[in-house]
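There are 2 protein chains.
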Amino acid sequence: MKGTLSLGVDIGGTGVKLALVDGRGRIRRLQKFASPTKESPTEFLNIVGRWIRRFVGDRHLKTLRGIGLGVAGDVDHVHGRVRISPNLQWRNIPVKTLLRRYLPSIPFIIENDANAAAWAAYWVETHQRAKNLVCLTLGRGVGGGLVLNGVLYRGATGSAGEIGHMTIDLNGPACPCGSRGCIERYVGARALVERVRQAIEDGEQSLVTELVGNNFQAVTPLVIQQAAQRGDRLAQRIWREAGERLGVALASVVNLFNPERIILAGGVARAGRLILDPARRVMRQRAFPVPGHTVRVSLSQLDQDLGVVGAALLVP
Amino acid sequence: MKGTLSLGVDIGGTGVKLALVDGRGRIRRLQKFASPTKESPTEFLNIVGRWIRRFVGDRHLKTLRGIGLGVAGDVDHVHGRVRISPNLQWRNIPVKTLLRRYLPSIPFIIENDANAAAWAAYWVETHQRAKNLVCLTLGRGVGGGLVLNGVLYRGATGSAGEIGHMTIDLNGPACPCGSRGCIERYVGARALVERVRQAIEDGEQSLVTELVGNNFQAVTPLVIQQAAQRGDRLAQRIWREAGERLGVALASVVNLFNPERIILAGGVARAGRLILDPARRVMRQRAFPVPGHTVRVSLSQLDQDLGVVGAALLVP
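Put into structure tokens, the structure is as follows:
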């Protein structure tokens, strides 16, 4: 007999998360591992398969509704393959085939991690009320997921929702994706850290220098956030500029999707009002009035667990 | 008994079009009028109501499936109101209420004209095969409509799809919409004409001067197209630059929507390969590889009739 629990698996460049999730999106049990990124993709997935087998155990094996797996990258959810994952350095990996043997009789789906996050935001944070929702994960990269008309929107090949790679300045800095001026180049963690380092190298004084004891490898969005909260001018400016640029992108998102909700997650979003206030201000200035005033922009409550919960909830 | 014909009505800033359209989107009869823009909105709609009544006549009155009306502007399709139409200078007009009395017993729907155009492109040009389709109308303004998962996508308040007001340069020229660097400011007819005039004022030689007999009020996209086709350097550069900027926007559209098809219509699009070739090239350079190679970008065959046919086909 089928139970109400699903297993969510979130595979990222740094960590792998497993969670038993109930029908309302609540986590019943959670376990985290460091990603075995030194292994080949096949061995990586063998290791994850054994973790899953152990985590589920005999107790849940018979009643598990299914397994939902979220992976950072371009996912072919129909054939259960990862086409390409820059974070994991995977290319054309038949994830579903490799993992299925560890739990052969259980339904198994695979999805892009930002899509899974959007689904969790829709399901758990809006209780399926915001039928049109855009979720942005602001981390090392900037991922995006779309729920439109109450359905996860994937597009023709499952590649939709790459909001991080919308151009806001056609002559802007080059992006690893091959384009220029992508929003990821302004609000991704790497971009923020780069900007702070550059400014300090150029002679600006900042609390950041002190906070990292002159070790600029240790600069993170959290450090820049702490500096800003303690009144550091440079850090405050970096957040304001990042927020304003995010606002430009959100105005375009609002004009295109006219969503009820935009939900932000990820390490960079945790700076809260430092980035949210300027983003909302610029978004309202630039977007069309009706959709601009309809949309609510907020931080995710689930945040780091969005991906793993969403993957579980996507199991039919 | 209900027949298979619907009436499409397309209300724009310059013309009003009426068409009897069959279930496959073929126009059976078409009539065009100049928009009575000097009248108040109420009188404008009274005039259109009488045109409709006469056009439908007694013969079709009993069998008409319904009336679909497309209007340039922000349309509240639920309540049948135009919230705002900059082209028509309308604000909060209860179009449905005003028009219904002319044909009281017939189902009546109202939709944004670019949304209607997208629906016609999906229905007639792709035979409902391209489940995810983006339609851009490049005219005086740049409108957009979205068919996603085989459904017309409207968003929370019916305002979705304003692709013309996606920012490609955050510090670009101011747009009447209140934002900056919107794609409309680079590929709208007004922007093209402005750029040519400016270049000639700055001393550049161009065939355009000759074609309009020094009357720069007479410059249109068609004139710039003719100059380019006759080898004029300035005109060719203007089209190439417009196409490249359109390509930047299309790359973002591809990364966001991952559509099977992008269909371009409107006077500016009629320049054909002058604008399409650079747009496709830049789009492929900048978009993610899988969605960038999946999408097909083409000109509409129905073109000027997209709006009126789509409005008719939207009648349930």
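Taken in sequence, the protein lines are chains H and P.
Quick note on the numbering used here: the first sequence kicks off at 30 and runs consecutively.
Quick note on the numbering used here: the second sequence kicks off at 30 and runs consecutively.
By construction, the Cβ of each residue, glycine as well, lies at the ideal position given by its N, Cα and C atoms.
Interface residue (Cβ-Cβ distance to chain P less than 8 Å): serine 188 of chain H is classified as such.
Looking from the CA of alanine 63 of chain H, the closest CA among H:Asp51, H:Leu117, H:Gly86 and H:Ala150 belongs to H:Leu117. Cβ contact annotation for glycine 99 of chain H (same chain, cutoff 6 Å, sequence separation greater than five): Asp39, Glu140, Asp142, Ala145, Gly336 and Ala340, in chain order.
For phenylalanine 137 of chain P, not one C-beta of chain H is nearer than 8 Å to its own C-beta. Histidine 89 of chain H has a beta carbon lying at 8 Å or more from every beta carbon in chain P. In this chain, the beta strand (DSSP E) harbouring glutamine 60 of chain P covers 56-63. In the DSSP assignment, threonine 92 of chain P is bridged to no other residue. For threonine 166 of chain P, the enclosing beta strand (DSSP E) stretches over residues 162-167. Using a CB distance below 7 Å, the part of the region 107-122 of chain P facing chain H consists of Arg112, ordered along the chain.
Straight through space, the alpha carbons of tryptophan 80 of chain H and glycine 174 of chain P are spaced by roughly 46 Å. Counting C-beta pairs closer than 8 Å gives fewer than three between the region 208-220 of chain H and the region 325-334 of chain P, which falls short of the contact rule.
Within the DSSP bridge table, the entry for asparagine 141 of chain P names P:Val100 as partners.
Aspartate 87 of chain H counts as exposed, since fewer than 16 other beta carbons sit within 10 angstroms of its beta carbon. For isoleucine 135 of chain H, the CB contacts under 7 Å within the same chain, skipping 5 residues up- and downstream, are Leu93, Gly95 and Ile96 in chain order. Minimum Cα-Cα distance from asparagine 178 of chain H among the listed residues H:Gly168, H:Arg290 and H:Val104 corresponds to H:Arg290. Between the C-alpha atoms of tyrosine 215 of chain H and alanine 271 of chain H there is a straight-line separation of about 6 Å. Among the residues of chain P, none has a CB under 8 Å from the CB of alanine 147 of chain H; the nearest is roughly 13 Å distant. Beta-bridge annotation (DSSP): serine 208 of chain P is not paired with any residue. Within 7 Å of the CB of aspartate 306 of chain P, no CB atom of chain H is found; the nearest one sits about 18 Å away. A check of alpha carbon separations from alanine 264 of chain P across P:Val111, P:Glu273 and P:Ile253 identifies P:Ile253 as the nearest.
In this structure, glycine 78 of chain P sits away from leucine 47 of chain P, with a CB-CB distance that is not shorter than 8 Å. At least 8 Å separates the CB of arginine 224 of chain H from every CB of chain P. Assignment of alanine 247 of chain H by DSSP, reduced to helix, strand and coil, places it in the helix class. Straight across, the Cα-Cα distance linking valine 50 of chain P with arginine 130 of chain P is about 22 Å. Interface residue (Cβ-Cβ distance to chain P less than 8 Å): leucine 285 of chain H is classified as such. At a Cβ-Cβ threshold of 8 Å, alanine 228 of chain P and leucine 303 of chain P do not count as neighbours.
Shown here for valine 180 of chain P: not one same chain residue has a beta carbon closer than 6 Å to its own, the five before and five after excluded.
Around the CB of proline 307 of chain H, 16 or more other CB atoms lie within 10 Å, so the residue is classed as buried. Ranking H:Glu72, H:Asp334 and H:Val277 by CA distance to the CA of leucine 199 of chain P puts H:Val277 first. Taken through DSSP and simplified to helix, strand or coil, serine 327 of chain H comes out as strand.
With contacts defined by Cβ atoms closer than 8 Å, valine 297 of chain P and glycine 184 of chain P do not form a contacting pair. Looking at the DSSP output, valine 180 of chain H sits in a beta bridge with H:Leu177. Taking all protein chains shown into account, threonine 166 of chain H has 16 or more neighbouring C-beta atoms within 10 Å of its C-beta and is therefore buried. With a cut-off of 8 Å on Cβ pairs, the region 273-287 of chain H is in contact with the region 185-198 of chain P, counting three or more such pairs. Contacts with chain H at 8 Å (Cβ-Cβ) include serine 208 of chain P.
Put simply, of P:Gly232, P:Glu233 and P:Gly295 the residue whose alpha carbon is nearest the alpha carbon of proline 250 of chain P is P:Gly295.
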